Amino acid sequence: MKVTYFQQVPYRHLDDDFERRHESVVTTPYFETTKPAHVASAFRDALDECMIAARAGFDGITITEHSQSAYDMIPNPDLLESALAYVTEVENLPVALFPVGRSLGKSREPLRVAEEQAMIDCISNGRLVAGFPVGLAYDANVNNGVPPAETRARFDENLELILRAWNEEKPFPFNGKFSQHGSVNLWPRPIQQPRPPVWITGIGNPKTMEFCLSRNFGFNYFGWFGSKLTGRRIFDRFGSVAEQLGKPRNPFQIGFMQSVAVAETDAEAERIYGPHIEYFFRKGLGSIPTNRLMIPGGIDIRGLEFIFRDPSDFGMYEKMRTASFRELRDAGCVICGSPETVRDQLVEMCIDFGIGNLHAMLQYGSMPKALTQQNIDLFASEVLPHLKPIFADKYDHHWWPERLGGKPAVSETAREEEDAL
Amino acid sequence: MSDQTVENRKVPVWNGRVTMNVQIKGSGPDLVYFHPASGMAWDPFLDELAKSYRIHAPEFPGTTPGNPYDIHKIDDLADAVLIYEETLRGLGLNQPLAVGQSFGGMMALELASSFPEIFSRLVVLDPIGLWTEAHPVTNWIEAPAPALPAILFKNPASAPAQAMLALPEDPEAAILATAQLVWNLGATGKMVWPIPDKGLSKRLHRLTAPALIVWGEEDALISSAYAGLLGERIKGSRVEIIRDCGHIPQVEKHPETMTVVQPFLAA
Numbered sequence: 001m002k003v004t005y006f007q008q009v010p011y012r013h014l015d016d017d018f019e020r021r022h023e024s025v026v027t028t029p030y031f032e033t034t035k036p037a038h039v040a041s042a043f044r045d046a047l048d049e050c051m052i053a054a055r056a057g058f059d060g061i062t063i064t065e066h067s068q069s070a071y072d073m074i075p076n077p078d079l080l081e082s083a084l085a086y087v088t089e090v091e092n093l094p095v096a097l098f099p100v101g102r103s104l105g106k107s108r109e110p111l112r113v114a115e116e117q118a119m120i121d122c123i124s125n126g127r128l129v130a131g132f133p134v135g136l137a138y139d140a141n142v143n144n145g146v147p148p149a150e151t152r153a154r155f156d157e158n159l160e161l162i163l164r165a166w167n168e169e170k171p172f173p174f175n176g177k178f179s180q181h182g183s184v185n186l187w188p189r190p191i192q193q194p195r196p197p198v199w200i201t202g203i204g205n206p207k208t209m210e211f212c213l214s215r216n217f218g219f220n221y222f223g224w225f226g227s228k229l230t231g232r233r234i235f236d237r238f239g240s241v242a243e244q245l246g247k248p249r250n251p252f253q254i255g256f257m258q259s260v261a262v263a264e265t266d267a268e269a270e271r272i273y274g275p276h277i278e279y280f281f282r283k284g285l286g287s288i289p290t291n292r293l294m295i296p297g298g299i300d301i302r303g304l305e306f307i308f309r310d311p312s313d314f315g316m317y318e319k320m321r322t323a324s325f326r327e328l329r330d331a332g333c334v335i336c337g338s339p340e341t342v343r344d345q346l347v348e349m350c351i352d353f354g355i356g357n358l359h360a361m362l363q364y365g366s367m368p369k370a371l372t373q374q375n376i377d378l379f380a381s382e383v384l385p386h387l388k389p390i391f392a393d394k395y396d397h398h399w400w401p402e403r404l405g406g407k408p409a410v411s412e413t414a415r416e417e418e419d420a421l
Numbered sequence: 001m002s003d004q005t006v007e008n009r010k011v012p013v014w015n016g017r018v019t020m021n022v023q024i025k026g027s028g029p030d031l032v033y034f035h036p037a038s039g040m041a042w043d044p045f046l047d048e049l050a051k052s053y054r055i056h057a058p059e060f061p062g063t064t065p066g067n068p069y070d071i072h073k074i075d076d077l078a079d080a081v082l083i084y085e086e087t088l089r090g091l092g093l094n095q096p097l098a099v100g101q102s103f104g105g106m107m108a109l110e111l112a113s114s115f116p117e118i119f120s121r122l123v124v125l126d127p128i129g130l131w132t133e134a135h136p137v138t139n140w141i142e143a144p145a146p147a148l149p150a151i152l153f154k155n156p157a158s159a160p161a162q163a164m165l166a167l168p169e170d171p172e173a174a175i176l177a178t179a180q181l182v183w184n185l186g187a188t189g190k191m192v193w194p195i196p197d198k199g200l201s202k203r204l205h206r207l208t209a210p211a212l213i214v215w216g217e218e219d220a221l222i223s224s225a226y227a228g229l230l231g232e233r234i235k236g237s238r239v240e241i242i243r244d245c246g247h248i249p250q251v252e253k254h255p256e257t258m259t260v261v262q263p264f265l266a267a
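So this is what it looks like as structure tokens:
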């Protein structure tokens, strides 16, 4: 399987009582909360950590996007990925550059997204993996002003424009509902043609799964709500959607983000990582109130009925703001312990759920760089070698760059399907 | 005797792509009611009006139970205004009276500004549509659900407020009603997100129908300071402020509201 290093850029110095004093982590007053030196070091540390992971043997560097938030200060992952594209090219490191969070429901300049990512693919000579989530409500709708009822339609149109812009032979006009261009003629185009691998991140909506399977995109799911509470539901659902569509199930089409903490012993791991894990969940996701993740119009009415009948897809979310380390660990929000503990749990989970791409989140919340490096190094030396062989000989990886051993399958059939849509 | 049963009439509009459901009740001169962002619901104010008027209440596209996706066929406010105008023509109404509340008040004002001859008289109850930095309009769409009663009512604990906020007792019915309510806020919200100012101010000078502007003095959603601002922009309009009252005067202060609305409509 492929294992990527997953990075956010949190502000690492929020006050101890942050989650009691502030309404949310996505409305935090900036000047009252931050020191410029701490913001600067957050970006330097994050890039350093990505390079430590790239040199340690991870298969890719996966970066998210969340504007106007204190838990992740990356308004555009392409900025960091382009820096990493250059350095990894110079050092000849075979890692994928995976801006997993370039939200298309939010983007008002889809051609700029196409240009930025084409450029990353050129700088890295064909190592881009594109990630296009619809986008979170507070970000797409509040920060970016997109009407919630329009988010999905904007995503669909933006994606169509980007895919065409990447490989259409001749300049073309684009008369969309949200973008109009007299002539689209992108320079540069991605090295990977007809397109780099494309991944969509979802929260469990079967329509998103159907979309990925029918368009030959990878499907990403993030395990912050607690993989032990939600993983079975989500991946079983993916399996049944694939079955209904008559699509073969290939673990390499599935990506999963899991927070991981490794130390010499279970007790040591709890001692050194526990406070940072609590910081991350209490002051991060736990401090995003429901009304900022779900805004009327953004979720289909049938989806609303489904959620109101059974909110289990949200796992630990409701309790997160006050959750203890042990509650978070028991729910699977983090896998934490000795190399044996972590390895056994990850191997079992990936085989059980059929996950062919693991995005390991190894820095979270207040964790400083030295401790992050320790986590990355131990993971890379003691856990990674046991994960890589899983599924390796059984399936082809059609959602990974050819230069990195993938067998991209934007087949003629898939292209015809895309054209038909 | 007035007819108090509700008739649902389907009106095809937008070249047949959208079906408007219009709830019709009462007898007397024709009156069009434009419902607020939460969707169409009959309340004692409307029931009382139905004793003297034939009320036609078009449901905003997407808010009709069983037909949620018509909202995806409407791109913006300009589309919605034309769709309402087609609906009123489809109903065969000739210069009806009009009453609109909040979001519905804005729709009524937009229609009357675009088509100055469309209404004979117009009543708006705490309408949205204007914006001034001094009084930012509360974003009711992104507000947490528990905060809504205090945004909508001066006295959320009062009997009329509680009656309006009540959910069905049956759990499944409550789930469906809640999902419909959330969806309705999203559908109507598509017209006004993220700031409920889409240029009404520059169109209001076109409005010629006699207009009554009614406002709850302590409206926490859109300040009663807007009553005067709106009044200044509509020539010959009259402003009435209802004391000790929030955003929904016809529910929270039904008798007081009726006292100012009835004579205006009957004039």
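Residue numbers (UniProt numbering), protein chains in the order written: chain A, 1 to 421; chain B, 1 to 267. The beta carbon of each residue, even a glycine, is placed where N, CA and C say it ideally should be. Here the structure is a predicted model, which means the values were calculated and not measured.
Rounded C-alpha distance that separates ALA187 of chain B from ASP79 of chain B: As a first step, residue 187 of chain B is located in the second sequence; it is residue number 187 there, counting from the start. As a first step, residue 79 of chain B is located in the second sequence; it is residue number 79 there, counting from the start. The alpha-carbon atoms of ALA187 of chain B and ASP79 of chain B are separated by roughly 13 Å.
Just how far apart, CA to CA, sit LEU181 of chain B and ALA267 of chain A? Indexing the second sequence from 1 puts residue 181 of chain B at position 181. Indexing the first sequence from 1 puts residue 267 of chain A at position 267. Computed Cα separation, rounded: 49 Å.
Can you check whether the C-beta of GLY104 of chain B is within less than 9 Å of a C-beta belonging to chain A? On the second sequence, position 104 is the one that residue 104 of chain B refers to. By this cut-off, GLY104 of chain B is not an interface position.
Considering only residues of the segment 165-204 of chain A, which uninterrupted beta strand (DSSP E) runs meet the minimum length of 3 residues and lie entirely inside it, listed in chain order? If only uninterrupted beta strand (DSSP E) runs of at least 3 residues are considered, those enclosed by the segment 165-204 of chain A are 172-175, 180-184, 198-202.
Taking the alpha-carbon positions, what's the SER411 of chain A to PRO194 of chain A distance? The residue you call residue 411 of chain A lines up with position 411 of the first sequence. The residue you call residue 194 of chain A lines up with position 194 of the first sequence. Only weak support exists for where SER411 of chain A lies, its pLDDT of 49 falling under 50; the value from the coordinates is given anyway. Straight-line spacing of the CA atoms in SER411 of chain A and PRO194 of chain A works out to 9 Å.
Near-chain A residues of the segment 128-152 of chain B (beta-carbon distance less than 8 Å), N- to C-terminal order: Those would be ILE141, GLU142, ALA143, PRO144, ALA145, in chain order.
Starting from the C-beta of GLY332 of chain A, find all residues in its chain whose C-beta is less than 6 Å away, skip the five residues before and the five after it, and write them out in chain order. Translated into the one-based positions of the first sequence, residue 332 of chain A becomes position 332. Here the set comprises GLY226, SER227, LYS228.
Based on Cα-Cα distance, which residue from B:LEU97, B:SER158, B:MET107, B:ASN67 lies nearest to ILE83 of chain B? Working through the second sequence from its first residue, we reach residue 83 of chain B at position 83. Each of B:LEU97, B:SER158, B:MET107, B:ASN67 was checked against the Cα of ILE83 of chain B, and the nearest Cα belongs to B:MET107.
In chain A, what lies closer than 8 Å to ALA187 of chain B by C-beta? The count along the second sequence starts at 1 and reaches residue 187 of chain B at position 187. Chain A residues near ALA187 of chain B: ALA149, GLY297.
Does the beta carbon of TRP215 of chain B come closer than 9 Å to any beta carbon on chain A? As a first step, residue 215 of chain B must be located in the second sequence, where it is residue number 215. It does not; no Cβ of chain A falls within 9 Å.
Do you know whose CA, among A:LYS207, A:GLN68, A:ILE351, lies nearest LEU136 of chain A's CA? What you label residue 136 of chain A is simply residue 136 of the first sequence in a count that begins at 1. Of the candidates A:LYS207, A:GLN68, A:ILE351, the one whose C-alpha sits nearest the C-alpha of LEU136 of chain A is A:GLN68.
Rounded to whole angstroms, what is the Cα-Cα separation between ALA145 of chain B and LEU185 of chain B? Within the second sequence, the letter at position 145 stands for residue 145 of chain B. Within the second sequence, the letter at position 185 stands for residue 185 of chain B. In a straight line, the C-alpha of ALA145 of chain B is about 12 Å away from that of LEU185 of chain B.
GLY246 of chain B CB to nearest chain A CB: under 9 Å? On the second sequence, residue 246 of chain B is found 246 positions in, with the first residue counted as 1. No, no contact with chain A.
Quick check on ILE242 of chain B: does DSSP put it in helix, strand or coil? Here residue 242 of chain B refers to the residue found at position 242 when the second sequence is read from its first residue. For ILE242 of chain B, the secondary structure class from DSSP, reduced to helix, strand or coil, is strand.
Environment of MET20 of chain B [buried if 16+ CB atoms lie within 10 Å]: Along the second sequence, read from residue 1 onward, the residue named residue 20 of chain B stands at position 20. With a 10 Å radius around the Cβ and a threshold of 16 neighbouring Cβ atoms, MET20 of chain B comes out buried.
Taking the DSSP output, what are the residues bridged to LEU19 of chain B? As a first step, residue 19 of chain B must be located in the second sequence, where it is residue number 19. According to the sequence as given, residue 19 of chain B is Thr; it is not Leu. Answer is B:PRO12, bridged to THR19 of chain B.
So, with DSSP's three-state summary, where would you put TRP215 of chain B? Working through the second sequence from its first residue, we reach residue 215 of chain B at position 215. In this structure, TRP215 of chain B counts as strand in the three-state DSSP scheme.
Which residues in chain B have a C-beta closer than 8 Å to the C-beta of GLU305 of chain A? List them in chain order. Position 305 of the first sequence, counting from 1, holds the residue named residue 305 of chain A. Result: ILE175, LEU176, ALA179.
Who does THR4 of chain A pair with in a DSSP beta bridge? Within the first sequence, numbered from 1, the residue matching residue 4 of chain A stands at position 4. BP columns for THR4 of chain A point to A:GLY60, A:HIS359.
Cut-off 6 Å between Cβ atoms - residues of its own chain near ASN220 of chain A, not counting five sequence neighbours on either side: Translated into positions along the first sequence, residue 220 of chain A becomes position 220. Once the five neighbours on either side are set aside, the close Cβ partners of ASN220 of chain A are TRP199, THR201, GLY255.
Write down every uninterrupted run of the beta strand (DSSP E) in the segment 90-122 of chain B whose length is 3 residues or greater and which is fully enclosed by it, in chain order. Listed in chain order, the complete beta strand (DSSP E) runs (minimum 3 residues) inside the segment 90-122 of chain B are 97-101.
Other residues of its chain near LEU200 of chain B: CB distance less than 8 Å, five sequence neighbours each side excluded: Taking the second sequence and counting its residues from 1, the one referred to as residue 200 of chain B is at position 200. Scanning its chain for C-beta atoms nearer than 8 Å, with the 5 sequence neighbours on each side dropped, one finds around LEU200 of chain B the residues MET106, LEU109, GLU110, SER113, GLY129, LEU130, in chain order.
Could you tell me which of B:ALA161, B:HIS205, B:THR257, B:GLU217 sits nearest to CYS245 of chain B, measuring between CA atoms? Here residue 245 of chain B corresponds to residue number 245 of the second sequence, with the count starting at 1. The shortest C-alpha separation from CYS245 of chain B is found at B:GLU217.
Tell me which residues of the segment 308-319 of chain A have at least one Cβ-Cβ distance to chain B shorter than 7 Å, keeping chain order. For the segment 308-319 of chain A, the beta-carbon criterion of a distance under 7 Å to any beta-carbon of chain B is satisfied by PHE308, ARG309.
With 9 Å set as the bound, which would you pick, yes or no: does the beta-carbon of ASP197 of chain B sit closer than that to a beta-carbon of chain A? Numbered from 1 along the second sequence, position 197 holds the residue referred to as residue 197 of chain B. For ASP197 of chain B, the answer is no, since every Cβ of chain A falls outside 9 Å of its Cβ.
Are the CB atoms of VAL260 of chain A and PHE379 of chain A within a distance shorter than 9 Å? Reading the first sequence from its first residue, position 379 is the one you call residue 379 of chain A. Reading the first sequence from its first residue, position 260 is the one you call residue 260 of chain A. Yes. Within cutoff.
To which residues of the same chain is ILE195 of chain B closer than 8 Å at the C-beta, ignoring the five residues directly before and after it? Taking the second sequence and counting its residues from 1, one reaches residue 195 of chain B at position 195. Hits under 8 Å: TRP131, VAL137.
Straight-line Cα distance separating VAL22 of chain B from PRO12 of chain B: Residue numbering aside, residue 12 of chain B sits at position 12 when the second sequence is read from its first letter. Residue numbering aside, residue 22 of chain B sits at position 22 when the second sequence is read from its first letter. So the alpha carbons of these two residues sit roughly 11 Å apart.
Can you tell which of B:HIS72, B:GLN162, B:ILE234, B:ALA174 has its C-alpha closest to the C-alpha of VAL124 of chain B? Position 124 of the second sequence, counting from 1, holds the residue named residue 124 of chain B. Nearest to VAL124 of chain B by C-alpha distance, out of B:HIS72, B:GLN162, B:ILE234, B:ALA174, is B:ILE234.
Which ranges would you report for the beta strand (DSSP E) in the segment 56-128 of chain A if only whole runs of at least 3 residues count? Restricting attention to beta strand (DSSP E) runs no shorter than 3 residues, the segment 56-128 of chain A encloses them at 60-63, 96-99, ordered along the chain.
If you drop the 5 nearest sequence neighbours on each side, which residues of the same chain put their C-beta closer than 8 Å to that of TYR395 of chain A? Locating residue 395 of chain A in the first sequence gives position 395, counting from the first residue. Cβ neighbours of TYR395 of chain A beyond the five flanking positions: ASN250, PRO251, PHE252, GLY356.
Unbroken beta strand (DSSP E) runs of length 3 or more, entirely within the segment 215-245 of chain A: which are they? Fully enclosed beta strand (DSSP E) runs of 3 or longer: 218-222.
For a contact defined as C-beta to C-beta under 9 Å, what are the partners of residue 430 of chain A on chain B? Nothing in the structure corresponds to residue 430 of chain A, since chain A is present only between 1 and 421.
Just to make sure I have the definition right: I need the residues of chain A whose C-beta is within less than 7 Å of the C-beta of VAL182 of chain B. Which are they? Position 182 of the second sequence, counting from 1, holds the residue named residue 182 of chain B. Residues of chain A passing the Cβ test: PRO296, LEU304.
Rounded to the nearest angstrom, how far is the Cβ of HIS276 of chain A from that of MET361 of chain A, given a contact under 8 Å? On the first sequence, residue 276 of chain A is found 276 positions in, with the first residue counted as 1. On the first sequence, residue 361 of chain A is found 361 positions in, with the first residue counted as 1. So it is not a contact: roughly 12 Å between Cβ atoms.
Look at the Cβ atom of PRO58 of chain B, then the Cβ atom of VAL32 of chain B, and state whether they are nearer than 9 Å. One-based indexing of the second sequence puts residue 58 of chain B at position 58. One-based indexing of the second sequence puts residue 32 of chain B at position 32. The Cβ atoms of PRO58 of chain B and VAL32 of chain B sit closer than 9 Å to each other.
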